[in-house]
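Comments concern the structure below.
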Amino acid sequence: ACACFRRSDWDRAGGYDEHMPHMGWEDWDLWLRFTALGVQFRYIPEVFFEYRVREGSMIQDTRKKKAELETYIFNKPNLRFLAPLRSHLLASRPASELYSGRQLLGMLMDRVLGRVRNKDH
Numbered sequence: 001a002c003a004c005f006r007r008s009d010w011d012r013a014g015g016y017d018e019h020m021p022h023m024g025w026e027d028w029d030l031w032l033r034f035t036a037l038g039v040q041f042r043y044i045p046e047v048f049f050e051y052r053v054r055e056g057s058m059i060q061d062t063r064k065k066k067a068e069l070e071t072y073i074f075n076k077p078n079l080r081f082l083a084p085l086r087s088h089l090l091a092s093r094p095a096s097e098l099y100s101g102r103q104l105l106g107m108l109m110d111r112v113l114g115r116v117r118n119k120d121h
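Residue numbers for the sequence shown follow our numbering, so the first one is 1 and each next one is one higher.
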């Protein structure tokens, strides 16, 4: 994933959370806070960025800490309104199909983009 955004939105959201208990989900947290602030997104279905994952990379450790990071993010006062969405999505799936944080963000983005597209047409 790669994102470009306005500096003013970064400033309004407070930038990356320096108190996050583990590295790796700073972007996800920032995008959710952008959503809470009403920042509009545009999806561009082209590949502009390649992210290489290799053995021992940060993303491997992040997956192990997924539950702790999700709990930390969804308990933020300005993101608690998203907790029912997370609970609903998790409750509606068998344990073998539980969503990762990235999948949850993708579903949230699909809903947001659907609203944006509906406003454009």
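Note that the Cβ used here is the ideal one computed from N, Cα and C, for glycine as well.
Buried/exposed call for E55, threshold 16 Cβ in 10 Å
The residue given as residue 55 occupies position 55 in the sequence shown. Counting every other CB atom within 10 Å of its CB across the protein chains shown gives E55 a total below 16, marking it as exposed.
With a cut-off of 8 angstroms on the beta carbons, I'd call L69 and H22 a contact; round off their distance for me.
The sequence position of residue 69 within the sequence shown is 69, counting from 1. The sequence position of residue 22 within the sequence shown is 22, counting from 1. Contact holds; Cβ gap of about 6 angstroms.
Can you tell me whether R42 is helix, strand or coil according to DSSP?
Indexing the sequence shown from 1 puts residue 42 at position 42. Looking at R42 - three-state DSSP - the assignment turns out to be coil, as it is neither helix nor strand.
Cβ-Cβ distance between M20 and D11 below 9 angstroms
For the purposes of this step, residue 20 is taken as the residue at position 20 of the sequence shown. For the purposes of this step, residue 11 is taken as the residue at position 11 of the sequence shown. No.
Between the C-alpha atoms of T71 and F34, what's the straight-line distance to the nearest angstrom?
Translated into positions along the sequence shown, residue 71 becomes position 71. Translated into positions along the sequence shown, residue 34 becomes position 34. Each residue's alpha carbon lies about 18 angstroms from the other.
Can you check which of these residues, E18, V39, I73, W25, is closest to S8 by C-alpha distance?
Here residue 8 corresponds to residue number 8 of the sequence shown, with the count starting at 1. For S8, the nearest C-alpha among the options comes from V39.
For the alpha helix (DSSP H) containing A82, list its first residue and its last residue.
For the purposes of this step, residue 82 is identified with residue 82 of the sequence shown, where counting begins at 1. First, the residue type needs correcting, since residue 82 is Leu and not Ala in the sequence shown. For L82, no alpha helix (DSSP H) segment is defined, and its DSSP state is neither H nor E.
Three-state secondary structure (DSSP) of F49:
Here residue 49 corresponds to residue number 49 of the sequence shown, with the count starting at 1. In the three-state reduction of the DSSP assignment, F49 falls in the coil class, being assigned neither a helical nor a strand state.
Neighbour-count burial assignment, V37, 16 or more Cβ in a 10 Å radius
For this step, residue 37 is matched to residue 37 along the sequence shown. Here the sequence assigns Leu to residue 37, which means Val is not the residue at that position. Flag for L37 reads exposed.
With a Cβ-Cβ cutoff of 9 angstroms, do C2 and F48 count as a contact?
To locate residue 2, count along the sequence shown from 1; it is residue 2. To locate residue 48, count along the sequence shown from 1; it is residue 48. Inclusion of C2 and F48 in the CB contact set at 9 angstroms is warranted, their separation being smaller than that value.
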